[in-house]
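Just below is one structure, and these are the notes that go with it.
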Amino acid sequence: MNYSQLPLPLGDTLYIAELPPSIAPSLSTYRSLTQQLLDEIAPRESAWRLTHLPSGAPRLVSPDHDYHISISHSGGYVALVLSEGQYGVGVDIQVASDKLPQVAPRFMSPTELAYYRHLTTSEADEWLYTVWGLKEAAYKAYPLQVKRHLATNYTVSPPEASLSCDVGSDSFARYTVCADEGDDRPTLLTGYLLRSITTAPYHLTYVQAGAGAFGS
Numbered sequence: 001m002n003y004s005q006l007p008l009p010l011g012d013t014l015y016i017a018e019l020p021p022s023i024a025p026s027l028s029t030y031r032s033l034t035q036q037l038l039d040e041i042a043p044r045e046s047a048w049r050l051t052h053l054p055s056g057a058p059r060l061v062s063p064d065h066d067y068h069i070s071i072s073h074s075g076g077y078v079a080l081v082l083s084e085g086q087y088g089v090g091v092d093i094q095v096a097s098d099k100l101p102q103v104a105p106r107f108m109s110p111t112e113l114a115y116y117r118h119l120t121t122s123e124a125d126e127w128l129y130t131v132w133g134l135k136e137a138a139y140k141a142y143p144l145q146v147k148r149h150l151a152t153n154y155t156v157s158p159p160e161a162s163l164s165c166d167v168g169s170d171s172f173a174r175y176t177v178c179a180d181e182g183d184d185r186p187t188l189l190t191g192y193l194l195r196s197i198t199t200a201p202y203h204l205t206y207v208q209a210g211a212g213a214f215g216s
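Quick note: the sequence shown uses my numbering, first residue 1, plus one each step.
Okay, here's the thing in structure tokens:
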């Protein structure tokens, strides 16, 4: 099968598999591709199986290890990350879609939306997909106990507040994602823009919960 791997800033590895051109994307083909990818990359030292929690979140069950897993698919791609650490992880992959701008008010806060509407076309595309991807990844890494609302419960730091970090030959933009359950102390998550829709076939984002954002 055709897949690549990308070292992540906090030590894990993200895998991206691609469907053959002759196979149309569908839920069943995504599941098949995910299973094939896990057959290639899952630890060999013990038996494991992919199952799902009542919430629908995937879980890799092994008698010897506890693996966090996050899966995302879009177009002909499946992105997957496995983590043996104590923190939740989330990944989101998104190919270009004319539907995303139409639903921007549903997942952007008023501040995020106002910033978006004053950008040039290429800048707006990157911000749109970055906000969407980081919020989707944050929900997977750190699902709130309250009813989630992407526009208000998760907020993304503006680009001017982002930092960059280098992993191997890659340079990633790093963001803070605020997860707010309505208490006095919202949780800060560390998010990364790994691939931009303006320069790659897909927009790729990653969030790790609990590791602290900017050292907090």
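Ideal Cβ positions, reconstructed from N, Cα and C, are used throughout, including at glycine.
No experiment lies behind these values; they were computed from the predicted model shown.
Check whether residue i and residue j have beta carbons under 8 Å apart
i, j, result
"L128", "L150", "no"
"I93", "Y202", "yes"
"I23", "Y77", "no"
"G210", "G88", "yes"
"L6", "L193", "no"
"K140", "A57", "yes"
"L37", "M1", "yes"
"P158", "Y116", "no"
"V81", "V91", "yes"
Bridge-paired residues (DSSP) for residue i
i, result
"F172", "C165"
"V89", "Q208"
"A179", "Y154 and T187"
"R195", "L204"
"R117", "Answer by DSSP bridge pairing: none, since R117 is not bridged."
"S97", "Its beta-bridge partners do not exist; DSSP assigns none."
"V81", "L14 and S70"
"S4", "I16"
"R49", "V61"
Given residue i as reference, the closest of the options once Cα atoms are compared
i, options, result
"Y206", "E181, G168, V131 and D180", "V131"
"Q208", "P158, E181, I69 and L119", "I69"
"P54", "P143, E18 and T34", "P143"
"L33", "A104, Y139 and S72", "S72"
"C178", "L188, L27, Q36 and R49", "L188"
"T199", "V156, S169 and S122", "S122"
"A47", "I197, T190, P63 and E136", "P63"
"D180", "T155, G191 and Q86", "T155"
"A138", "L19, F107, D39 and Q102", "F107"
"P186", "F172, L204 and Q145", "Q145"
"A124", "Q86, S4, I197 and R59", "I197"
For residue i, three-class secondary structure by DSSP
i, result
"P54", "coil"
"A141", "helix"
"V61", "strand"
"P9", "coil"
"R106", "helix"
"R148", "coil"
"G76", "coil"
"A42", "coil"
"P21", "coil"
"S32", "helix"
"S26", "coil"
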